[in-house]
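**Q**
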Amino acid sequence: MADELLTAEHLVKRFDDNTVLDDVSLSVKKGEVIVVVGPSGCGKSTLLRCLNALEPIQGGKITLDGEAVVYGSKNLAAIRQKIGMVFQSYDLFPHLSVLDNILLAPVKAQKRKKDEAAAEAMKLLERVGLADKAKSFPRQLSGGQKQRVAIVRALCMHPVMMLFDEVTAALDPEMVREVLDVMLNLAKQGMTMIIVTHEMQFAKAIADRVVFLENGEIIEDTDPNTFFEHPQTERAKQFLNIFSFERSKKDEKN
Ligand SMILES: Nc1ncnc2c1ncn2[C@@H]1O[C@H](COP(=O)(O)OP(=O)(O)OP(=O)(O)O)[C@@H](O)[C@H]1O
Ligand SMILES: [Mg+2]
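Going by the numbering used here, the first residue of the sequence shown is number 2, and it counts up by one from there.
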């Protein structure tokens, strides 16, 4: 279909004889926000890594913007530049300032003019509330600030879509909000995104669709209201119960 930006059809991913993705099909329309949830080890990170061809697949087909995404192919560098990815660990270069971290790929890989890219980087930093940190080094930033820089760094490449893998999982609770707010704003501006998160309230608020993965299979793919209020499978019900149980334990402690 014309408005589908990314499609994955019948993906199979194995590590040796361990099948981690088993016939996974997923399509993402332009401007759509998909949240992927599921128990630890079910294959969420592997799915994102396969979509970005950071991992070879053993079966299936991935298409981005009409082009096949094939691990090891010649046009892969160009395709990867279209997909911004942010992980749990921010992996900023410690010896480079915030601004230089952001400019590295636009200037080196995309051969853009440094002042043009720097002007854009400053605008993006402003949008995430970090214009005053452009000259700071990563060690001088909080975890939440580093994660916002990592998001800006990805955005400065002009990706057609963004993948987020548990970007708030390593943050102190008070820093989670500021990073989630940046993602909510991106969604409002129409960015196409696939988000892996354990923040269920956030998932409910941001998702157009929720995909529930278990043992490498998509067992629910539905709108957030249906998923959170009327999950169709026993596994999804159990999964959501564990979350609400842990939440009430946390609330008791506070
Ligand atoms: N590089 C690798 N080599 C071998 N096995 C791997 C590799 N990466 C992941 N796996 C295995 O693939 C399975 C899925 O892992 P994955 O990291 O995708 O899970 P996840 O859903 O992201 O879990 P979590 O919520 O804990 O991050 C696990 O069984 C894991 O051990
Ligand atoms: Mg993971």
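Built from N, CA and C at the ideal position, the CB exists for glycine as well.
Note that the structure is predicted; figures quoted are calculated from it, not measured.
If you measure from each residue's Cβ to the nearest non-hydrogen atom of ligand 1, which ones come out under 5 Å, in chain order?
**A** Result: F16, V21, S41, G42, C43, G44, K45, S46, T47.
**Q** Which same chain residues, not among the five before or five after T169, have their C-beta less than 6 Å away from its C-beta?
**A** Closer than 6 Å at Cβ, skipping near neighbours: V177, V180.
**Q** Under 8 Å by Cβ, that's how I've got L65 and K30 pegged, so tell me the actual separation to the nearest angstrom.
**A** Their Cβ separation, rounded to whole angstroms, is 13 Å, which puts L65 and K30 out of contact at 8 Å.
**Q** Kindly indicate which residue of V87, V21, A204 has the alpha-carbon position closest to the one of V1.
**A** In this structure the chain extends from 2 to 255, so residue 1 is not present and cannot be described.
**Q** Sorted by chain position, which residues of the same chain lie with C-beta nearer than 6 Å to E117's C-beta, five sequence neighbours on each side aside?
**A** Nothing meets the Cβ criterion.
**Q** Report whether the distance from the Cβ of E215 to the nearest heavy atom of ligand 2 is below 7 Å.
**A** Not so, every heavy atom of ligand 2 lies at least 7 Å from the Cβ.
**Q** To the nearest angstrom, how far is it from the Cα of L100 to the Cα of K136?
**A** Each residue's alpha carbon lies about 6 Å from the other.
**Q** How about V211 and A204: do their beta carbons lie closer than 8 Å?
**A** Contact flag set, yes.
**Q** For K134, is the classification buried or exposed, using 16 other Cβ atoms within 10 angstroms of its Cβ as the cut-off for buried?
**A** It counts as buried.
**Q** Please name the residue, chosen from K45, L126, L125, that lies closest to F165 on a Cα-to-Cα basis.
**A** Nearest option by C-alpha distance: K45.
**Q** On the premise that C43 lies in contact with L214, defined as a C-beta separation below 8 Å, what is that separation, rounded to the nearest angstrom?
**A** About 5 Å separates the two Cβ atoms, so the contact holds.
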